[in-house]
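One structure is given below, encoded as structure tokens.
There are 2 protein chains.
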Amino acid sequence: MYSMWMAELAARAGCSVPTVKYYLREGLLHPGEATGATRARYDETHLQRLRLIRALTEVGGLRLETVHQVLDDIAHASSWHEAVGSAHTRLPGPFDDEAPPSAESAARVEAMLERQEWQLAPGHPQARRIARALDVLDGLGHPVSDRLLDLYAAALRPLAAYEVHAVHDVGPDGEPDVEPSVEAAVVGTLLQEPILLAIRRIAQENVSRRLAED
Amino acid sequence: MYSMWMAELAARAGCSVPTVKYYLREGLLHPGEATGATRARYDETHLQRLRLIRALTEVGGLRLETVHQVLDDIAHASSWHEAVGSAHTRLPGPFDDEAPPSAESAARVEAMLERQEWQLAPGHPQARRIARALDVLDGLGHPVSDRLLDLYAAALRPLAAYEVHAVHDVGPDGEPDVEPSVEAAVVGTLLQEPILLAIRRIAQENVSRRLAED
DNA sequence: TGACATTGGATAGTTCGACTGTCTAATATT
DNA sequence: AATATTAGACAGTCGAACTATCCAATGTCA
């Protein structure tokens, strides 16, 4: 396998040598193969890992500590579903403080989940986030209707089915080799979010322009 | 109109007095009405503004400088559509550096927009973001298919229509008073994003669990 | 073979954004 | 009048993510 010194690794990953050293120190990147007291060689696994770290931080907006945890989740994945779940709970979002949502909002989210026949452990972080978001929007005088929640759910349902099947099919054929597809799932969840949001904004602008042009 | 000293304002907005002073210094919050050399009174407009600032930073993840620009956009909005557009370009996302996307990805985004019959100024930031995201995902070995882009667009199209009409209807009946509905649009775009993303994750987890339970 | 740039590792310093603390003179409140 | 607050100025803090400096040991080329 092709191997290189740190300088080349850093250049190919698009970051500086001190930054690579920093990631090594923090345990985000596995050490290279030492070829002497002051030398080590790095290979494509290091390059791949560096690219993943930078994508998760720059695109996904994750903190390095979170990247660490997510990488551990991916590495220790025993089953696909479980790994995706734990990675999801790790992925940050707003409202990661401990403040509980109002009972009203929590109930509205519960009701939405039931209408969709979606099951979720009670107190699930995603449900809490939605409820807290509803609270904040209410407080700003821009409440969100149940109808909109249902529209979101209805729109995302087929999308999610397609996305999950896509990574699943490429993934474990028998059972082994869970890791690549778990990485695909985490990457897919997190790094496709900007695409989804950008398309939403484009769609809104187009609707808005058509309304303005009458 | 009800007015209060800074201490009460801070308490009601859920932040500290020094923080309010900081926002005043930075020009994010308009000064209170001075009642003497060392006193000033604040009213509900200050409270509303503080809540908006905190929602945009904490939920939307905006930096204070960006909040400043977005608030200016809202304040100087001459038309609804234009304001939404400029606010959208200000809202941050990944890839806000100047690096251009690959020609291939740019072309794929163009093609998707044409398939949707969406118009967009060339070099539009949202389109650039999508193209750059495609590049990054390609580089990680997790390419995004055109089919998925189309599915995203198809799923978000009716959502966007509903969302825009919702704020538009509440908005300018004749023509005046654009500002409240522009705020609604910006808030709606940005602060509803966490809800959308959380619902997507929940949907994915449910699909994933069903696959695991067979 | 020997000069010299480079490397890995350790440690300390920098930058940025967002606050937070302290100080002072002036003003409410009791 | 005594005491507690306040506005405003300004300096200090904090965490995250680097970045710079040293050093001794190597690799490389003349």
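Here the protein sequences come in this chain order: A and B.
Okay, so the first sequence: first residue is 1 according to this note's numbering, each after it adds one.
Okay, so the second sequence: first residue is 1001 according to this note's numbering, each after it adds one.
A virtual CB, placed ideally from N, CA and C, is assigned to each residue, including glycine.
Item, Value
"Cross-strand partners of residue 1188 of chain B (DSSP beta bridge)", "Note: residue 1188 of chain B sits in no beta bridge, so no partner."
"Inter-residue spacing [alpha-carbon to alpha-carbon] between residue 195 of chain A and residue 1123 of chain B", "16 Å"
"Those runs of the alpha helix (DSSP H) which lie wholly inside the stretch 1037-1123 of chain B and span at least 4 residues", "1044-1058, 1064-1075, 1080-1090 and 1103-1115"
"Alpha-carbon to alpha-carbon, residue 1105 of chain B and residue 1203 of chain B", "28 Å"
"Simplified DSSP state of residue 1003 of chain B, which is helix, strand or coil", "strand"
"Where residue 175 of chain A falls, given that 16 or more other Cβ within 10 Å makes a residue buried", "Residue placement at residue 175 of chain A is poorly supported in this model, since its pLDDT is 49, which falls under 50; the coordinates are not used for a value here."
"For residue 72 of chain A and residue 1081 of chain B, the rounded distance between their alpha carbons", "45 Å"
"Residue 33 of chain A, DSSP secondary structure in three states", "strand"
"Buried/exposed call for residue 942 of chain B, threshold 16 Cβ in 10 Å", "No information on residue 942 of chain B is available, as it lies outside the stretch 1001 to 1214 that chain B covers here."
"Beta carbon proximity, residue 28 of chain A to chain B, threshold 8 Å", "no"
"Pair within 8 Å by beta-carbon distance, residue 200 of chain A and residue 1133 of chain B", "no"
"Residue-level contact to chain A via CB, residue 1194 of chain B, 8 Å cutoff", "yes"
"Contact set between residue 1139 of chain B and chain A, taken where Cβ atoms lie within less than 7 Å", "51"
"Beta carbon proximity, residue 100 of chain A to chain B, threshold 8 Å", "no"
"Cβ neighbour criterion (16 or more within 10 Å) applied to residue 189 of chain A", "buried"
"Helix, strand or coil at residue 1139 of chain B [DSSP, three-state]", "helix"
"Other residues of its chain near residue 1003 of chain B: CB distance less than 6 Å, five sequence neighbours each side excluded", "1041 and 1043"
"C-beta neighbour in chain A for residue 1129 of chain B, strict 8 Å", "yes"
"C-alpha distance - residue 172 of chain A paired with residue 1136 of chain B, whole-angstrom precision", "Reliability fails at residue 172 of chain A, whose pLDDT of 47 lies under 50, so the model's placement of it is uncertain and the value that follows must be treated cautiously. Cα to Cα, residue 172 of chain A sits roughly 24 Å from residue 1136 of chain B."
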